[in-house]
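Residue numbers (the working numbering), protein chains in the order written: chain A, 4 to 208; chain X, 1122 to 1496.
The structure under discussion appears below in the form of structure tokens.
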């Protein structure tokens, strides 16, 4: 078996790749939904439905399409991550005070300018919150990847179960947990940095 | 500048704006007022095409605006809204110069313009340009909101209850400030409000709307003095008393029977008249009652041995006001020139009355304590 550090990096790669792809799909989808609001409930119930499928079952289904290996896991992660990312993008933009949109339009912003100069900067922290939730979930789910033949921290856990080696199980599980906590801390910090100064909560004076 | 032709807006079968015809002249401060749901805001937003009319046409400088690109159109029209709507992610500089940025003006020009604008409303650019909206008070935020609309120097500015959300004191100071600004800038302004005081204070012309139609349009005075119907009278009714001081003309506050004398009458007669009527000035009029000037008790005392006729003591250098002018005008002349009274003459030059310090006090008293004291 590969050294733990390599496995951890592999694990991180798998989770990040899934979430990254989900971001590429989810953010534009969320933006699109703010323009076609009637579609929003449909899309949300669809993604929520997917969310209820057990991860093992979903991966098994995807196995038919992508076969054994990382591809299947990444596809599964993409699907799982979609909901928090689409939802947060949508609500992030929808919760912008309507007068800001009206002001932006009234000033003569095009749709795109309104999106890039007003909507996205203001919604960004919320969008990032969705990505953070997705990444933490993905780090957890990635451990199951081992059953469809991926690398990552699922390997020591699986191997430990087979060999009845508790130390090995704990090594894998603890490292995965540490990765999740690390991701949480880093992304929360990033969220705060990325929040425009004018939107940060002011300390009471 | 702006012309509405049979403009109608229908929302789910309801005619929110109904066959509206309206013209806004260049440099005019037009106030749209009316009860909520009267269509005033809808009317305003059709000008920058945030709302499209269902029927009819709106022309700006002769061009049908529905044929213009809405984005380009809006960049030429200033827009101020009640909730201010400053972008919280942008600094004051970025908020004010947002339209200039959309127009791709160079940074240096934008910074200069923002400095100039901030200075215009008494906000130190060094202190405020790099701040964020949430670091300003409500009044300051709306000042920035107004500056944002002025930044690209648009000839037309739309204002949707811009001072409505402010506390009364801040509101008044912003109104005053904006009025001063407008006197310098001469923009064409379409201003929506439901606040009658605000309309009376700012408007060149008031358009009173109800159920999507214009009930009456005209200068504030006209709506107050000649309401077209009971609705107008009722709408302005309460305000009318409160604002008596602004609204009264000299005709209402003047003493209509000042003591007069003919120029050919004798000086002794004049002295006798003053004694009998307890006055220290006489107003000299000719046969047609035309005002010639005055004689005062001082000149009579000084010159009564030398002079025989009133005409010899006539002081023609007397400021007068025209009948029908605002009482305020007469009061101002009196205070500024330290006069005890101002004669009121009609267009033919006939003496019709006299505004005195007593009438001034009475008019003020009637505002403070209500009617009944007024002379």
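C-beta atoms are modelled at their ideal positions from N, C-alpha and C, and glycine is treated no differently.
Exercise for review: Just confirm the distance between the C-beta atoms of residue 1235 (chain X) and residue 1227 (chain X), as a whole number of angstroms; I'd bet it's less than 8 Å.
Suggested key: Position 114 of the second chain, counting from 1, holds the residue named residue 1235 (chain X). Position 106 of the second chain, counting from 1, holds the residue named residue 1227 (chain X). So it is not a contact: roughly 13 Å between Cβ atoms.
Review point. Should residue 109 (chain A) be flagged as near chain X, meaning a C-beta pair shorter than 8 Å?
Key: Within the first chain, numbered from 1, the residue matching residue 109 (chain A) stands at position 106. So yes, residue 109 (chain A) belongs to the interface.
Check your understanding: Does any residue of chain A bring its CB to less than 8 Å from the CB of residue 1156 (chain X)?
Key -> The count along the second chain starts at 1 and reaches residue 1156 (chain X) at position 35. By this cut-off, residue 1156 (chain X) is not an interface position.
**Study point:** Candidates X:1402, X:1431, X:1445, X:1438: closest to residue 1477 (chain X) by CA position
**Key:** Reading the second chain from its first residue, position 356 is the one you call residue 1477 (chain X). Out of X:1402, X:1431, X:1445, X:1438, X:1402 has the C-alpha closest to the C-alpha of residue 1477 (chain X).
Point to revise | Reduced DSSP category for residue 1428 (chain X) - H, G, I as helix; E, B as strand; rest coil | key: Position 307 of the second chain, counted from the start, is the residue given in the question as residue 1428 (chain X). Coil, per DSSP.
Practice item. State yes or no: is the beta carbon of residue 1217 (chain X) nearer than 8 Å to at least one beta carbon in chain A? Key: By one-based count along the second chain, residue 1217 (chain X) stands at place 96. By this cut-off, residue 1217 (chain X) is not an interface position.
Point to revise | Which residues DSSP lists as bridging residue 1262 (chain X), in chain order | key: Numbered from its first residue, the second chain carries residue 1262 (chain X) at position 141. According to DSSP, residue 1262 (chain X) bridges with nothing at all.
Point to revise | Distance CB(residue 169 (chain A))-CB(residue 175 (chain A)) smaller than 8 Å | key: As a working note, residue 169 (chain A) is residue 166 in the first chain. As a working note, residue 175 (chain A) is residue 172 in the first chain. Contact flag unset, no.
Practice item. With 8 Å as the C-beta to C-beta threshold (strictly closer), list the residues of the segment 181-204 of chain A near chain X in chain order. Key: 199, 200, 201, 202
Point to revise | Cutoff 8 Å: residue 1253 (chain X) Cβ touching any chain A Cβ | key: Taking the second chain and counting its residues from 1, one reaches residue 1253 (chain X) at position 132. It does: the Cβ of residue 1253 (chain X) has a partner Cβ on chain A nearer than 8 Å.
Exercise for review: Tell me, please, whether the CB atom of residue 103 (chain A) is closer than 8 Å to any CB atom in chain X?
Suggested key: Sequence index remark: in the first chain, residue 103 (chain A) carries index 100 (1-based). Yes, contact with chain X.
Review point. What do you reckon, are the CB atoms on residue 138 (chain A) and residue 186 (chain A) nearer than 8 Å?
Key: Reading the first chain from its first residue, position 135 is the one you call residue 138 (chain A). Reading the first chain from its first residue, position 183 is the one you call residue 186 (chain A). Contact flag set, yes.
Review point. Applying the criterion that 16 or more other CB atoms from any shown protein chain within 10 Å of the CB defines a buried residue, is residue 48 (chain A) buried or exposed?
Key: As a first step, residue 48 (chain A) is located in the first chain; it is residue number 45 there, counting from the start. Exposed.
Point to revise | Supposed close pair residue 1254 (chain X), residue 1207 (chain X) - CB separation, criterion 8 Å | key: Residue numbering aside, residue 1254 (chain X) sits at position 133 when the second chain is read from its first letter. Residue numbering aside, residue 1207 (chain X) sits at position 86 when the second chain is read from its first letter. Right, their Cβ atoms sit about 4 Å apart.
Practice item. Go ahead and pull the three-state DSSP assignment for residue 167 (chain A). Key: By one-based count along the first chain, residue 167 (chain A) stands at place 164. Reduced to three states, the DSSP call for residue 167 (chain A) is coil.
Point to revise | Within-8 Å CB hit, residue 1208 (chain X) to chain A | key: Residue mapping note: residue 1208 (chain X) aligns to position 87 of the second chain, counting from 1. Interface residue, yes.
**Study point:** Cut-off 7 Å between Cβ atoms - residues of its own chain near residue 1161 (chain X), not counting five sequence neighbours on either side
**Key:** Along the second chain, read from residue 1 onward, the residue named residue 1161 (chain X) stands at position 40. Only residues of its own chain outside the window of five on either side were considered, and among them 1153, 1154, 1155, 1313, 1330 have a CB closer than 7 Å to the CB of residue 1161 (chain X), listed in chain order.
Practice item. For residue 112 (chain A), return the contacting residues in chain X, with the cut-off set at a CB-CB distance below 7 Å. Key: As a first step, residue 112 (chain A) must be located in the first chain, where it is residue number 109. Chain X residues near residue 112 (chain A): 1223.
Review point. Pairing CB atoms from the segment 1136-1149 of chain X with CB atoms from the segment 1328-1344 of chain X, are three or more of them under 8 Å?
Key: yes
Exercise for review: Enumerate, from N- to C-terminal direction, the unbroken beta strand (DSSP E) stretches of 3 or more residues contained entirely within the segment 1261-1328 of chain X.
Suggested key: If we require 3 residues or more, the beta strand (DSSP E) runs fully inside the segment 1261-1328 of chain X come out as 1277-1281, 1309-1314.
Point to revise | Expected contact under 8 Å - CB spacing of residue 1323 (chain X) and residue 1300 (chain X) to nearest Å | key: In the second chain, counting from the first residue as 1, residue 1323 (chain X) sits at position 202. In the second chain, counting from the first residue as 1, residue 1300 (chain X) sits at position 179. Contact flag correct, Cβ pair sits at about 6 Å.
Review point. Would you say residue 121 (chain A) faces chain X, with C-beta separation under 8 Å as the test?
Key: Working through the first chain from its first residue, we reach residue 121 (chain A) at position 118. For residue 121 (chain A), the answer is yes, since a Cβ of chain X falls inside 8 Å of its Cβ.
Exercise for review: Measure the Cβ-Cβ separation of residue 1223 (chain X) and residue 4 (chain A) and say whether it is below 8 Å.
Suggested key: For the purposes of this step, residue 1223 (chain X) is taken as the residue at position 102 of the second chain. For the purposes of this step, residue 4 (chain A) is taken as the residue at position 1 of the first chain. With contacts defined by Cβ atoms closer than 8 Å, residue 1223 (chain X) and residue 4 (chain A) do not form a contacting pair.
Point to revise | Interface positions of the segment 119-144 of chain A facing chain X (Cβ-Cβ less than 8 Å), listed along the chain | key: 120, 121, 124, 125
Review point. Where does residue 23 (chain A) sit, in a helix, a strand or coil, going by DSSP?
Key: Mapped onto the first chain, residue 23 (chain A) falls at position 20. Residue state, collapsed to three classes: helix.
Practice item. Determine, using beta carbons only, whether residue 1244 (chain X) comes closer than 8 Å to chain A. Key: By one-based count along the second chain, residue 1244 (chain X) stands at place 123. Residue 1244 (chain X) does not count as touching chain A.
Check your understanding: Ends of the alpha helix (DSSP H) at residue 133 (chain A)?
Key -> Within the first chain, the letter at position 130 stands for residue 133 (chain A). Residues 123-145.
Review point. Anyone know if the C-beta pair for residue 1238 (chain X) and residue 1220 (chain X) falls short of 8 Å?
Key: Taking the second chain and counting its residues from 1, the one referred to as residue 1238 (chain X) is at position 117. Taking the second chain and counting its residues from 1, the one referred to as residue 1220 (chain X) is at position 99. For residue 1238 (chain X) and residue 1220 (chain X), no; Cβs fall outside 8 Å.
Exercise for review: Determine, using beta carbons only, whether residue 116 (chain A) comes closer than 8 Å to chain X.
Suggested key: The residue labelled residue 116 (chain A) in the question sits at position 113 within the first chain. Output row for residue 116 (chain A): interface = yes.
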